[in-house]
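Asks: Before I ask anything, let me first share the structure, which is written out below as structure tokens.
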Amino acid sequence: MATATHLHGRIGESIKRKEDARFLRGKGNYLDDFVLPNMLHMAILRSPHAHARIKTIDTSAAGAMPGVIAVVTGELMAQHKLAWMPTLSGDTQAVLATDKVRFQGQEVAAVIAETKYQAEDAREAIIVDYEVLPAVTSPDGAKTAGAPLIRDEKEGQKDNHIYHWESGNQATTQAAFAKAHKVVRLHTFYPRCHPAPLETCGCIADVNGATGKATIYMTSQAPHAIRTVFALVTGLPEQQIRIISPDIGGGFGNKVPVYPGYVVATAASLLIGRPVKWVEDRTENLISTGFARDYHMTGDLAVDKDGKMLALRVHLDSDNGAFFSDAQPSKFKAGLFHIVTGSYDIPTAHVTADGYYTNKAPGGVAYRCSFRVTEASYLIERLVTNAAIELGIDQAEFRKRNFIQPEQFPYTSATGWVYDSGDYPKAMDVALKQLGYDELKKDVEARRKKGEVTGIGIASFTEVVGAGHGADFDILGLRMFDSAELRVHPTGKAMLRMGVKSQGQGHETTFAQIVTEELGIPAADIEVQEGDTDNTPYGLGTYASRSTPVGGAATAMVSRKLRDKAKKIAAHLLEASEADIEFDHGKFFVRGSPSKSKTIQDVAFAAYTNLPDGLEAGLEGVTYYDPPNMTFPFGTYLVVVDIDRGTGQVKVRRMVAVDDCGVRINPMVVEGQIHGGLTEGFGIAFMELITFDEEGNCLGSNFTDYLLPTSWETPKFEMGETVTPSPHHPIGAKGVGESATVGSPAAFVNAVIDAVGHLGIKNIDMPVTSDKVWEALNKVGAAE
Amino acid sequence: MKVSMKVNGVERGGDIEPRVLLVDFLRTNLAQTGTHIGCDTTSCGACTVLLDGEPVKSCTLLAVQVDGRNITTVEGLANGPTLSPMQAGFHEEHGLQCGFCTPGMMLVGTALLERNPDPTEDEIRWAISGNICRCTGYMNIVKAIQHAAKAQAAAQAKISETVAVAGGE
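Written as structure tokens, this is what we have:
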């Protein structure tokens, strides 16, 4: 008999996180916490030069040092055909350099020793003789006639150009520009930055000499895809490869790619017959693993005399580093950048992109971003604010005049996206009201009259997240579906196993909540497992805000599959026809007589003990979900800044963030995600920069140079929300992990531009540091 | 070189190279892996432990430098199955996501409340500004520490009440 107890953990409830218990006690299981019997340690020697020919490598002294088991060079890797590996973008990347080094920090050799200290000592004793070559450090440099050819080993590669990519319609866009009342241009650089999760990347490779089974513990956001790539790289049979992605200390895109260290450690374990651990230090992380952005963008916006947008034209040059190892869907060389028309009803657009090799670290990943959506959102939102200033129209009003209207959804954009749902004017109105925009505008005017430099920034972003559909989105041919396997045990407790992999997002709580909603099992009774490829269904992993849109949808669908079977069992238990059985949050009852019911727990027990004839035992299933479309979260962010004329220092006085990510599974977790994203956006706008000198030396190689926001600088955020469900997602959710990083940099920079735009300053590239602001003010005679 | 120290109230020792960092001694020699390594340059605070009650970054201290001293790590915060007020605050206020910075943050918070049981938001933000969190944006960490401060104050009030009642008998 069912009892009318509260079902704890349904969708919309801010239940506390299940995963906290171990983290609070220091009992998380991060990669570096694992110690295997007989384990060795690996240290990688990296190139000090950005571009140099390797003449000789002398490992004899290193090999003779205490505790050293082996010194691995590219030559040894080449003997096993592992000196090069394929990248996620279909290029090749050196595992250990054999001919040249092509960026500072590139992997040259590796020492395997009994302890970490011994491995690092011996690394210093390797002698490499380099012939230094001139370095290329920008796309402009890469294009220059006579520029050094970086990828001289690639057959047919005559220059440093990687790809040309286009989207939209050139002819209609040109025609629209010809009729424009005004064309506003913005050239801006979205500089190279780095996801810099607090835990660096690493692995422990453990190849069993007897069975050949390779168990690789790895800080991976995409363990299944990595397993397949590993099978392809190493030639090991895929069933003999087990990737275990344990607790991850933040990812933000940095832990999607395959890094050379993983391959070397695995090869070393295979050859030596002992487990090999490799964990990067912070400098290695910042100078060699997946960076983000590095897009040089020029946007032109054509506007008519009424302030209506007519057309958008964008060109970007992408700096991809020495190997094209961006992590993005195969068909989209510049990622999903063609979402660049953003929240606006722009009739026609044309986007062109060119990628270039440079002597910089490879691996353009999306730093908390869905495949280059961040760069697109930044460009359009900056361009729109600049246009509003030039046209003399209020920037909120200019946006409203051009928003895609709620009744236009599903909306097909000029570059072919089909936006699922949205209500942009509403999100903006909620934000403006929350800020008190009208009064603040008057206040800004009054302050300016007193000589203060102050401004309001707006960004009304639209994201595109949750890849696939698999026919359009794949990585190396692997379709971007995702999966969930649900097993309900006889006592009514359940285990949910996912193809995605949390890096702190709270999957153990929120995906349990989806099962609670759909099947009526309390969230506390559901264990969520992820990351072990031997025990979880295949999936493409967690990045690009795809876990809830794809993995979450799979969870809802597998729950419904089990509910259908449970209905048959309930009908049997209630001696009624299946057609008469109704379900209400954990209770099955005969239509019209809710008192006669069985709980999901009763049904689960019966699934193993008392089945109707002809029905298979058990209550479990698996769903592979291929989403019909992407989801399109959106929102409006407002920022108020005050600028010190004497120092150029920008102080964020207020920030209002209104997000619409569809249905919120756990509002507490959603808000936490947004806080984090806004902070990373703040860091990108004002602090974070990976840059290089002319010789290609990385000038952001540790946390004293690569500045991350602390609690002291980070503003306090005022949160707001609207809810526009996704019409095609089973529970109406859209994904939220990255909205704030996508939307906020433009809001922060637009606030600065609003403050100084009337002085004639149209652009300050990120990070907007005090010295740049002061220089800009000084140039127009406004500095003190 | 012989070294000994009290870690979470228990006498621990080892025979180590003088160059061994405190964080490596804790993690490798003592298998206390709750103390993390994030940056190697004293910038991020993932390795924070308490040395005689004061937060220090164990990636830039040698183990031999703390010979004979008291070390508290995250493993020493809970009282058996009962979370400390700071741990409970982090759970209640969603002050953690990936959990990597959390041990350091909680230890700094614990030391702060020891000195200053009722800190302002600015005092909290200043206290934790040597510890980087990439996930939370700090807002909920501030709330977590405030939550712990309130819980400790309430517990203190209860003790005072009990003492007063006992004294009145």
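Protein chains in written order, with the working numbering: chain A, 1 to 784; chain B, 1001 to 1169.
For every residue, glycine included, the Cβ atom is placed at its ideal position computed from N, Cα and C.
1. When the cut-off is 9 Å and only beta carbons count, does residue 264 (chain A) lie next to chain B?
2. Which of helix, strand or coil does DSSP assign to residue 2 (chain A)?
3. Report back the beta-carbon spacing between residue 351 (chain A) and residue 337 (chain A) to the nearest angstrom; my notes put them in contact at under 8 Å.
4. Per DSSP, what kind of secondary structure is residue 401 (chain A) in: helix, strand or coil?
5. Against residue 197 (chain A), what residues of chain B qualify as contacts under a CB-to-CB distance less than 7 Å, listed in chain order?
6. Please give the ranges of any beta strand (DSSP E) in the region 1037-1072 of chain B, keeping only runs that are unbroken, at least 3 residues long and fully inside the region.
7. Smallest Cα separation from residue 586 (chain A): which of A:492, A:670 and A:780?
8. Looking at residue 720 (chain A): is its Cβ nearer than 9 Å to the Cβ of residue 434 (chain A)?
9. Should residue 756 (chain A) be labelled buried (16 or more other beta-carbon atoms within 10 Å of its own) or exposed?
10. Exposed or buried, which one is residue 211 (chain A) when buried takes at least 16 other CB atoms within 10 Å?
11. Rounded to the nearest angstrom, what separates residue 322 (chain A) and residue 92 (chain A) at their Cα positions?
12. Can residue 292 (chain A) and residue 406 (chain A) be called in contact, C-beta distance under 9 Å?
13. Report the residue ranges of all alpha helix (DSSP H) runs contained in full by the region 60-138 of chain A; include only those spanning at least 4 residues, in chain order.
14. Quick check on the DSSP output: the alpha helix (DSSP H) that includes residue 682 (chain A) runs from which residue to which?
15. My guess is that residue 1067 (chain B) and residue 1005 (chain B) are in contact by the Cβ rule of under 8 Å, so how many angstroms apart are they, rounded?
16. Let me check one thing: in DSSP terms, what residues is residue 588 (chain A) bridge-paired to?
17. Determine whether the Cβ of residue 1159 (chain B) lies closer than 9 Å to any Cβ atom of chain A.
18. Taking buried to mean at least 16 other C-beta atoms within 10 Å of its own C-beta, is residue 232 (chain A) buried or exposed?
19. Would residue 1152 (chain B) pass as an interface residue toward chain A - the criterion being a Cβ-Cβ separation below 9 Å?
20. Counting only Cβ-Cβ distances shorter than 7 Å, please list the residues of the region 707-724 of chain A near chain B, keeping chain order.
21. Considering only the beta carbon of each residue, do residue 312 (chain A) and residue 302 (chain A) sit closer than 9 Å?
22. Three-state secondary structure (DSSP) at residue 529 (chain A)?
23. Mapping the DSSP letters down to three states, classify residue 510 (chain A) as helix, strand or coil.
24. Considering only residues of the same chain and omitting the five flanking positions on each side of residue 417 (chain A), which have a CB-CB separation below 7 Å?
25. Classify residue 287 (chain A) as helix, strand or coil using the three-state DSSP reduction.
26. Does the beta carbon of residue 402 (chain A) sit closer than 9 Å to a beta carbon anywhere in chain B?
27. Within this structure, are the beta carbons of residue 786 (chain A) and residue 377 (chain A) separated by less than 9 Å?
28. According to a CB-to-CB cut-off of less than 8 Å, which residues of the region 1074-1099 of chain B neighbour chain A?
29. So which residues on chain A does residue 1047 (chain B) lean against when the C-beta distance must stay under 8 Å?
30. Short of 7 Å in beta carbon distance, which residues of its chain neighbour residue 26 (chain A), apart from the five on each side in sequence? Order them along the chain.
31. Identify whether residue 1169 (chain B) lies in helix, strand or coil by the three-state DSSP scheme.
32. Would DSSP call residue 774 (chain A) helix, strand or coil?
33. Hey, how far is the Cα of residue 1034 (chain B) from the Cα of residue 246 (chain A)?
34. Taking a contact to mean a Cβ-Cβ separation below 9 Å, would you say residue 393 (chain A) touches residue 307 (chain A) in this structure?
35. Quick one: residues in its chain with C-beta nearer than 6 Å to the C-beta of residue 364 (chain A), no 5 flanking neighbours on either side, listed in chain order?
36. So, are the CB atoms of residue 399 (chain A) and residue 437 (chain A) less than 9 Å apart?
Replies: Taking the coordinates as given:
1. no
2. Unreliable placement is indicated for residue 2 (chain A), whose pLDDT of 40 sits below 50; the coordinate value is still reported in the next sentence. Residue state, collapsed to three classes: coil.
3. 7 Å
4. helix
5. 1134
6. 1048-1051, 1054-1057 and 1070-1072
7. A:492
8. yes
9. buried
10. exposed
11. 10 Å
12. no
13. 60-63, 74-79 and 116-123
14. 667-686
15. 6 Å
16. A:583 and A:598
17. no
18. exposed
19. no
20. 708, 710, 711, 712, 714, 716 and 717
21. yes
22. strand
23. helix
24. 339 and 464
25. helix
26. no
27. This structure cannot settle anything about residue 786 (chain A), because the visible part of chain A is limited to 1 through 784.
28. 1074, 1075, 1077, 1078, 1083, 1087, 1090, 1091, 1092, 1094, 1096, 1097, 1098 and 1099
29. By Cβ distance, chain A contributes nothing, its closest Cβ being about 11 Å from residue 1047 (chain B), past 8 Å.
30. none
31. Unreliable positioning characterises residue 1169 (chain B) in this predicted model, as indicated by a pLDDT of 46, which lies under 50. The coordinate reading is nonetheless provided below. If DSSP states are grouped into helix, strand and coil, residue 1169 (chain B) belongs with coil.
32. helix
33. 15 Å
34. yes
35. 320 and 326
36. no
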